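The opening residue of the sequence shown carries number 3 in my numbering; numbering runs sequentially from there.
In this text, a Cβ means the ideal position worked out from N, Cα and C, and glycines have one as well.
Model, not experiment: these values are computed from the prediction.
Reviewing the structure listed below.
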Amino acid sequence: MNKARLTIIVPCYNEEEVLPESSKVLGGILNQLIQKNQISSASKLLFVDDGSKDKTWEIIKGLEKQAAIFTGIKFSRNFGHQNALMAGMKTAAATSDAVITIDADLQDDPNVIPEMVMKFNEGSDIVLGVRNDRTTDSRFKRWTAETFYSLMGRIGVQLVPDHADFRLLSHRAVNALMRYSETNLFLRGIIPQLGFPTTKLYYQRKPRFAGKSKYPFRKMLAFAMDGVTSFSIAPIKAILSVGIVISVISLGMMLYAFIKGLFGTTVDGWASLMTSLWFLGGVQLIGISIVGEYVGKIFAEVKHRPRYIIETDDYTVAQRPAVLAQQQRVRG
Ligand code: UDP
Ligand code: MG
Numbered sequence: 003m004n005k006a007r008l009t010i011i012v013p014c015y016n017e018e019e020v021l022p023e024s025s026k027v028l029g030g031i032l033n034q035l036i037q038k039n040q041i042s043s044a045s046k047l048l049f050v051d052d053g054s055k056d057k058t059w060e061i062i063k064g065l066e067k068q069a070a071i072f073t074g075i076k077f078s079r080n081f082g083h084q085n086a087l088m089a090g091m092k093t094a095a096a097t098s099d100a101v102i103t104i105d106a107d108l109q110d111d112p113n114v115i116p117e118m119v120m121k122f123n124e125g126s127d128i129v130l131g132v133r134n135d136r137t138t139d140s141r142f143k144r145w146t147a148e149t150f151y152s153l154m155g156r157i158g159v160q161l162v163p164d165h166a167d168f169r170l171l172s173h174r175a176v177n178a179l180m181r182y183s184e185t186n187l188f189l190r191g192i193i194p195q196l197g198f199p200t201t202k203l204y205y206q207r208k209p210r211f212a213g214k215s216k217y218p219f220r221k222m223l224a225f226a227m228d229g230v231t232s233f234s235i236a237p238i239k240a241i242l243s244v245g246i247v248i249s250v251i252s253l254g255m256m257l258y259a260f261i262k263g264l265f266g267t268t269v270d271g272w273a274s275l276m277t278s279l280w281f282l283g284g285v286q287l288i289g290i291s292i293v294g295e296y297v298g299k300i301f302a303e304v305k306h307r308p309r310y311i312i313e314t315d316d317y318t319v320a321q322r323p324a325v326l327a328q329q330q331r332v333r334g
């Protein structure tokens, strides 16, 4: 049997501080796997530069010159982590039997990669890296993550807790994933829906090797909101229940006001009137904003805009120079 061609995909956004080290570590692991004959010698380490403003792309270019296993894709601007992963997988899938995605900051243990390959060779299509503890994350990050997973579970979205975007996917799993054409991507929610033989591998998550997290609280919140609204209409249903409860209460209020009116003491009701006015206004605004969130999602989907725009694709160029040259001749 031919050895599997593996592509390790590394999304990078302003990662000049960590790239020299992570390319060394990941490149070393890939080379070792090649030497041990566990994967094909055509396997690659693919960096996806998500519109970095620092020297990330220059470093990637330098690596490409240094060794043939290094290659890169550059986006025309920042399109976000999930889109960088999708672009890497789509590009690599053309010529890979399996892909592994891993963050550039070495927080996920790269030593798990050989085990992932082993599981793949044993027949798993999907191998998920799962953290077995979060002691290196800040207490706040841990708390928000736990709340998020329990909330998602309650509204019926299947997630593998503490599995981020460190995983191996077989060629056919990537192809299945590519058929999910939605603009609002939440990969870790989609992966469990693919099916296929799946294995989990546990590892300890380390602190960032260098540099700062590219997920500030604002981005994290937006990501969590995307996760909820692209998988579930539970919030809209929740608004309906709140609406019903409030309507029932307001019926009671009406009755109360009517009886008060009969006894001629209506001025007394000012406080309760004001409170309910403000309360209802607030509930309505929340309701409208949540519905708006979904309408916005639909708006983004129907426009069918590209998820990302690639400026340079050295991976494909290196794989198929002849094909590309011909395409360019045709285009003139
Ligand atoms: N990343 C990206 N585009 C972005 C934000 C992040 O490609 O807009 C990459 C980043 O370079 C890193 C990975 O996604 O490789 C995870 O980001 P980070 O480590 O900052 O997130 P955290 O581990 O703090 O959740
Ligand atoms: Mg990180």
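Can you round the beta-carbon distance between residue i and residue j to whole angstroms, since I take them to be within the 8 Å contact cut?
{"i": "MET88", "j": "LEU171", "result": "12 Å between Cβ atoms; not a contact."}
{"i": "VAL27", "j": "LEU130", "result": "Actually they are not in contact, since the Cβ atoms of VAL27 and LEU130 sit about 21 Å apart, beyond 8 Å."}
{"i": "GLU66", "j": "GLY53", "result": "The Cβ separation is near 18 Å, so there is no contact."}
{"i": "ILE10", "j": "ILE104", "result": "6 Å"}
{"i": "TYR296", "j": "ILE238", "result": "7 Å"}
DSSP state of residue i, grouped into three classes?
{"i": "TYR317", "result": "helix"}
{"i": "ILE311", "result": "coil"}
{"i": "HIS306", "result": "coil"}
{"i": "PRO13", "result": "strand"}
{"i": "GLU66", "result": "helix"}
{"i": "PHE172", "result": "Note that residue 172 is Ser in the sequence shown, not Phe. Correct three-state label for SER172: strand."}
{"i": "ASP167", "result": "strand"}
{"i": "LYS76", "result": "strand"}
{"i": "GLY125", "result": "coil"}
{"i": "ARG207", "result": "coil"}
{"i": "ARG133", "result": "strand"}
{"i": "VAL50", "result": "strand"}
{"i": "LEU8", "result": "strand"}
{"i": "ILE71", "result": "coil"}
{"i": "ILE157", "result": "coil"}
{"i": "LYS202", "result": "strand"}
Between residue i and the ligand MN, is the CB less than 8 Å from at least one heavy atom?
{"i": "LEU161", "result": "Of the ligands one can find in the structure shown, namely the ligand UDP and the ligand MG, none is the ligand MN."}
Checklist entry - Which residues are close to the ligand MG, meaning CB closer than 7 Å to any heavy atom, in chain order? => result ASP105, ASP107, GLN109, ARG210, SER215
Checklist entry - Can you list, in chain order, the stretches of the alpha helix (DSSP H) that have 4 or more residues and sit fully within the segment 77 to 105? => result Taking only runs of at least 4 residues, the alpha helix (DSSP H) segments lying wholly in the segment 77 to 105 are 83 to 95.
Checklist entry - Taking the runs of the beta strand (DSSP E) that are 3 residues or longer, which of them lie wholly in the segment 222 to 299? => result none
Item to check | the segment 185 to 195 touching the segment 151 to 168, judged by at least three CB pairs closer than 8 Å | outcome: yes
Next on the checklist: With three or more C-beta pairs closer than 8 Å as the rule, is the segment 207 to 214 touching the segment 10 to 28?
Outcome noted: yes
Next on the checklist: If contact is defined by three or more beta carbon pairs under 8 Å, each pair taking one atom from either stretch, is the segment 241 to 254 in contact with the segment 193 to 209?
Outcome noted: no
Checklist entry - Would you say the segment 32 to 45 touches the segment 106 to 125, given that touching needs at least three Cβ pairs under 8 Å? => result yes
Checklist entry - Taking one C-beta from the segment 212 to 230 and one from the segment 145 to 157 each time, how about it: are there three or more such pairs within less than 8 Å? => result Here the segment 212 to 230 lies against the segment 145 to 157, with 3 or more beta-carbon pairs under 8 Å apart.
Checklist entry - Should the segment 277 to 284 be regarded as contacting the segment 258 to 267, the criterion being three or more beta carbon pairs within less than 8 Å? => result Inter-segment contact for the segment 277 to 284 and the segment 258 to 267 is absent: fewer than three beta-carbon pairs are separated by less than 8 Å.
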